[in-house]
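Protein chains in written order, with this note's numbering: chain A, 1 to 71; chain B, 1001 to 1409. The structure appears right after this line, and notes come after that.
Written out as structure tokens, the structure is:
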């Protein structure tokens, strides 16, 4: 599962990290500046939860296969 | 004058570009039913059009839907923050960074991002917990409290602690902010703002006399020393962050307590699983938003078949955005199990509340500590709660009762 953060949209709500602290990191000013990454194994649901709670819709999740979608 | 005459006089002040069918008899400081339930009083607007016009308080549009508020907060060219509350503040010093538009806004806001980031706030969570718990432990044996006067001064105390401000001033500071957000008398509001500015100017002098520091006022003074802010701008920067810290969390907590006092089921869930508190705080905040913000239209624009003219004030009742059934199913129901319910309570876009990372732990820790010490509580059957609307929504009177331990009541 590929996770992409749109840095231009992030305004530092921090909700991705609040909901999914094992997946998302914030910088010293509170922004998510992560480069595109693969969600860690077993944390796909958490990654998704962080993404759907972003008020700016700044996090895009790409499911790569059917098996992942069902997980 | 009769009610009809008053209404007629107001109608005369309605600008020609406002369609009559969009005018609502809705004074946002005092909507019908607000004392019984502020959010329910506002929720009635969802029965009407998405965009309405209130002739009160100088006249202003009201957007009732979350997506429209989102769009306006993101279109900073068309909708300026130069005016961000109703009624218009008019000329005079601007709050920084709230009233500043791009391109100047970004650099100014970044001044306080570090001291208020999640990383900076995390180490003070034990302080938040200790201050909250101390007050709750003091109240618990009494078996009752009037929550607004006996608890909601804790968040301002926390803010004063965090910012290193002298606690002797909390009472005065909170009194002034209460006036600023709730009074309908603009002259009174102006006087309270001026008094607040004098107080902050004196406080900043303490930092001007000290060696540089990286606390909240320290970073503001550092920018003043660097020539980025004038001394007057420092005052209005400090006022901006400190007003945010004084009123909003207290208001949210008053609604949290009011709701939980009436819902044994939600209390039970929090007692059985305190780890729910993070999502519970988000959901309670979504259901009980606080702020009525606004934007100033900078140029004629078509918005959902309505024309806004330059100079029109557009109100964004953020709390109503959290109750939008187009965004959240069954929005009036509090459900701690919702998977995702993003809400605009801290604003969206570049003016997103910079204090939210301090506010969120306060809300969560309140739930954890209150439910630990006072798990079972309700409303005083003989003393009705009272709600209010304004720039901030809040409960203004909230008598609570609970079973006190034997021999201590």
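Yeah, the Cβ is synthetic: ideal placement off N, Cα and C, and Gly gets one too.
Item: Given this structure, state the Cα-to-Cα distance separating residue 1186 of chain B from residue 1038 of chain B, to the nearest angstrom.; Value: 22 Å
Item: Can residue 1403 of chain B and residue 1253 of chain B be called in contact, C-beta distance under 8 Å?; Value: no
Item: Using the DSSP secondary-structure output, state which residues sit across from residue 113 of chain A in a beta bridge.; Value: Given a span of 1 to 71 for chain A in the structure shown, any question on residue 113 of chain A remains unanswerable.
Item: If you draw a straight line from the C-alpha of residue 1368 of chain B to the C-alpha of residue 1334 of chain B, how long is it?; Value: 17 Å
Item: When DSSP labels each residue in this structure, what does residue 1295 of chain B get in the three-state scheme?; Value: strand
Item: What residues from the stretch 48 to 60 of chain A come within 8 Å of chain B, judged by C-beta to C-beta, listed N to C?; Value: 49, 52, 53, 54, 55, 56
Item: Exposed or buried, which one is residue 1059 of chain B when buried takes at least 16 other CB atoms within 10 Å?; Value: buried
Item: Measure the Cβ-Cβ separation of residue 1420 of chain B and residue 1097 of chain B and say whether it is below 8 Å.; Value: With chain B represented from 1001 up to 1409, any question about residue 1420 of chain B goes unanswered, as that position is not in the structure.
Item: Is there a C-beta anywhere in chain A that falls below 8 Å from the one on residue 1285 of chain B?; Value: no
Item: Tell me whether residue 1264 of chain B is buried or exposed, calling it buried when 16 or more other Cβ atoms sit within 10 Å of its Cβ.; Value: exposed
Item: Between residue 7 of chain A and chain B, is the shortest Cβ-Cβ distance under 8 Å, so that the two count as touching?; Value: no
Item: Since residue 1248 of chain B is in the beta strand (DSSP E), which residue starts that stretch and which ends it?; Value: Counting along the chain, residue 1248 of chain B falls outside any beta strand (DSSP E), though it belongs to the alpha helix (DSSP H) covering 1231 to 1261.
Item: Return helix, strand or coil for residue 1145 of chain B, following the three-state DSSP convention.; Value: strand
Item: Please list the partners that residue 1350 of chain B has in chain A, where partner means a Cβ-to-Cβ separation under 8 Å.; Value: 11
Item: Can you tell me which of B:1278, B:1116, B:1167 puts its alpha carbon nearest to the alpha carbon of residue 20 of chain A?; Value: B:1278
Item: So, for residue 52 of chain A: in the same chain, excluding its five sequence neighbours on each side, which residues have a beta-carbon less than 7 Å away from its beta-carbon?; Value: none
Item: Is the distance from the Cβ of residue 1219 of chain B to the Cβ of residue 1112 of chain B below 8 Å?; Value: yes
Item: Can you list, in chain order, the residues of its chain whose CB lies under 6 Å from that of residue 1320 of chain B, leaving out five sequence neighbours each side?; Value: 1042, 1064
Item: By the criterion of Cβ-Cβ separation under 7 Å, what are the contact partners of residue 28 of chain A in chain B?; Value: 1114, 1117, 1119
Item: Which of the three DSSP states is assigned to residue 1301 of chain B in this structure?; Value: strand
Item: So residue 1379 of chain B and residue 1240 of chain B are in contact, right, with Cβ under 8 Å, and what is the actual spacing, rounded?; Value: About 35 Å separates the two Cβ atoms, so there is no contact after all.
Item: Taking Cβ-Cβ distances shorter than 8 Å, what residues in chain A pair up with residue 1357 of chain B?; Value: 14, 30
Item: Nearest to residue 1031 of chain B by CA position, among B:1400, B:1397, B:1387, B:1401, is which residue?; Value: B:1387
Item: Between which two residues does the alpha helix (DSSP H) holding residue 1207 of chain B run?; Value: 1186 to 1208
Item: According to DSSP, which residues form a beta bridge with residue 1387 of chain B?; Value: B:1395
Item: What residues are listed by DSSP as bridge partners for residue 1054 of chain B?; Value: B:1060
Item: Tell me, please, whether the CB atom of residue 1394 of chain B is closer than 8 Å to any CB atom in chain A?; Value: no
Item: Using 10 angstroms around the beta-carbon of residue 13 of chain A, count the other beta-carbons present and answer buried if the total reaches 16, otherwise exposed.; Value: buried
Item: Give me the Cα-Cα distance between residue 1246 of chain B and residue 1330 of chain B, rounded to the nearest whole angstrom.; Value: 31 Å
Item: Kindly indicate which residue of B:1351, B:1103, B:1019 has the alpha-carbon position closest to the one of residue 1294 of chain B.; Value: B:1351
Item: Hey, residue 1364 of chain B and residue 1281 of chain B are a contact pair by Cβ (cut 8 Å); roughly how many whole angstroms apart?; Value: 5 Å
Item: Taking Cβ to Cβ, would you say residue 1083 of chain B is nearer than 8 Å to residue 1313 of chain B?; Value: yes
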